[in-house]
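Numbering (my numbering), first residue to last: 8 to 333.
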């Protein structure tokens with residue numbers, strides 16, 4: 008009787024609404040703290056909008072801000088999105104389409120053209136706040152028993168991680184940092200619950216937004232998920248997980264080929280692309296072969312045995328009871 012009453016209370020619409028409200032308050036706490044900390048930094052350093060200085064330097068000022076000027080002009084109908092007649096004797100912009108596909112770029116409809124350079128600090132603040140949001144979402148979904156204050160703390164730390172502070176000048180890459188926690192959450196859904204579509208969709212979005220960083224993401228996914236399957240899942244589930252992971256990792260390359268191939272052919276057409284052409288070919292072939300081999304269920308065992316399993320398997324197995332994902 009008591010169990011049925013507790014179950015009924017747990018299904019109460021009011022309780023569900025209260026939980027959703029608490030979750031959203033938790034998700035917003037990290038972004039608000041990030042925005043507050045950045046505002047203090049901007050005020051102290053005199054950065055826009057609290058001063059005349061700009062955060063743009065190095066690659067951001069020389070490479071990415073001009074692309075955003077081009078995007079602004081294309082969005083307002085004064086330039087072609089696919090070709091720039093005003094750079095040198097003309098530049099094919101098809102290889103840069105991934106720069107323009109971020110939903111955050113819709114803000115250029117509301118920013119004056121002469122404020123694009125200064126607005127980089129605004130875009131950085133928004134992207135770092137979104138990093139804290141997705142990180143808190145991941146922690147709340149995967150480590151639900153973690154205290155709320157630690158979830159907020161770790162989400163803020165993720166937004167201010169070393170990669171962001173060092174490479175924020177490559178501001179177009181930060182979308183991958185935003186979506187990465189969601190990607191890992193969907194990966195766990197695939198491994199634990201055999202749900203392929205969330206992972207497939209999220210991984211495709213990563214490829215579309217930045218195939219540069221997706222190279223590192225792909226390596227992390229293949230090695231870490233193989234290790235997870237070998238050490239954390241029973242043998243009866245491993246074959247299906249290998250198959251699902253292979254399908255979920257290979258299919259996004261086919262879905263994003265319309266953007267990946269123009270970028271590849273454009274960059275390999277330059278005079279200095281010999282090394283890049285070789286590395287890109289290795290990446291494409293490796294991703295394809297490893298994904299196919301996941302379908303055949305032998306690659307994780309082969310690769311992880313030499314690079315991961317031997318050094319860590321004994322210690323992980325002895326402490327398996329300390330590993331728990333919710």
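Just so you know, even glycine gets a beta-carbon here, dropped at the ideal spot from N, CA and C.
Distance CB(residue i)-CB(residue j) smaller than 8 Å
{"i": "residue 180", "j": "residue 217", "result": "yes"}
{"i": "residue 215", "j": "residue 263", "result": "yes"}
{"i": "residue 252", "j": "residue 232", "result": "yes"}
{"i": "residue 33", "j": "residue 158", "result": "yes"}
{"i": "residue 255", "j": "residue 206", "result": "yes"}
{"i": "residue 247", "j": "residue 199", "result": "no"}
{"i": "residue 41", "j": "residue 166", "result": "yes"}
{"i": "residue 228", "j": "residue 209", "result": "no"}
{"i": "residue 88", "j": "residue 100", "result": "yes"}
{"i": "residue 183", "j": "residue 65", "result": "no"}
{"i": "residue 139", "j": "residue 163", "result": "yes"}
{"i": "residue 53", "j": "residue 143", "result": "no"}
Which residues DSSP lists as bridging residue i, in chain order
{"i": "residue 99", "result": "90"}
{"i": "residue 158", "result": "Beta-bridge pairing links residue 158 to no other residue."}
{"i": "residue 60", "result": "54"}
Anticipated Cβ contact below 8 Å, residue i with residue j, distance rounded
{"i": "residue 354", "j": "residue 137", "result": "The structure shown has nothing for residue 354, since the chain only spans 8 to 333."}
{"i": "residue 124", "j": "residue 63", "result": "6 Å"}
{"i": "residue 135", "j": "residue 98", "result": "Their Cβ separation, rounded to whole angstroms, is 30 Å, which puts residue 135 and residue 98 out of contact at 8 Å."}
{"i": "residue 67", "j": "residue 127", "result": "6 Å"}
Residue i - DSSP class collapsed to helix/strand/coil
{"i": "residue 54", "result": "strand"}
{"i": "residue 152", "result": "coil"}
{"i": "residue 65", "result": "coil"}
{"i": "residue 255", "result": "helix"}
{"i": "residue 321", "result": "Residue placement at residue 321 is poorly supported in this model, since its pLDDT is 45, which falls under 50; the coordinates still yield a value, given next. Correct three-state label for residue 321: helix."}
{"i": "residue 136", "result": "helix"}
{"i": "residue 202", "result": "coil"}
{"i": "residue 212", "result": "helix"}
{"i": "residue 176", "result": "coil"}
{"i": "residue 108", "result": "coil"}
{"i": "residue 84", "result": "coil"}
{"i": "residue 262", "result": "helix"}
{"i": "residue 240", "result": "coil"}
{"i": "residue 38", "result": "helix"}
{"i": "residue 191", "result": "helix"}
{"i": "residue 123", "result": "coil"}
{"i": "residue 143", "result": "helix"}
{"i": "residue 248", "result": "helix"}
{"i": "residue 118", "result": "coil"}
{"i": "residue 232", "result": "helix"}
{"i": "residue 222", "result": "helix"}
Distance between residue j and residue i (C-alpha atoms, nearest Å)
{"i": "residue 212", "j": "residue 60", "result": "33 Å"}
{"i": "residue 376", "j": "residue 71", "result": "Missing from the structure shown is residue 376; the chain here goes from 8 to 333 and no further."}
{"i": "residue 336", "j": "residue 234", "result": "Residue 336 lies beyond the stretch modelled for the chain, which goes from 8 to 333, so this question has no answer here."}
{"i": "residue 120", "j": "residue 129", "result": "14 Å"}
{"i": "residue 114", "j": "residue 241", "result": "48 Å"}
{"i": "residue 117", "j": "residue 58", "result": "20 Å"}
{"i": "residue 224", "j": "residue 85", "result": "36 Å"}
{"i": "residue 25", "j": "residue 141", "result": "21 Å"}
{"i": "residue 82", "j": "residue 107", "result": "10 Å"}
{"i": "residue 46", "j": "residue 237", "result": "45 Å"}
{"i": "residue 239", "j": "residue 222", "result": "25 Å"}
{"i": "residue 250", "j": "residue 194", "result": "13 Å"}
{"i": "residue 197", "j": "residue 188", "result": "14 Å"}
{"i": "residue 220", "j": "residue 226", "result": "10 Å"}
{"i": "residue 150", "j": "residue 20", "result": "24 Å"}
{"i": "residue 90", "j": "residue 77", "result": "10 Å"}
{"i": "residue 148", "j": "residue 22", "result": "18 Å"}
{"i": "residue 304", "j": "residue 29", "result": "Low local confidence applies: a pLDDT of 48 at residue 304 is under 50, so the model's placement there is unreliable, and no value is given."}
{"i": "residue 230", "j": "residue 153", "result": "26 Å"}
{"i": "residue 80", "j": "residue 245", "result": "51 Å"}
{"i": "residue 35", "j": "residue 190", "result": "20 Å"}
{"i": "residue 311", "j": "residue 55", "result": "The predicted model places residue 311 with a pLDDT of 43, which falls under 50 and marks its position as unreliable, so this point remains unresolved."}
{"i": "residue 173", "j": "residue 27", "result": "35 Å"}
{"i": "residue 269", "j": "residue 109", "result": "18 Å"}
{"i": "residue 168", "j": "residue 178", "result": "14 Å"}
{"i": "residue 271", "j": "residue 259", "result": "16 Å"}
{"i": "residue 156", "j": "residue 50", "result": "27 Å"}
The ligand ZN heavy atom lying under 7 Å from the CB of residue i
{"i": "residue 228", "result": "Within the structure as shown, the ligand ZN is missing, as the structure has no ligands at all."}
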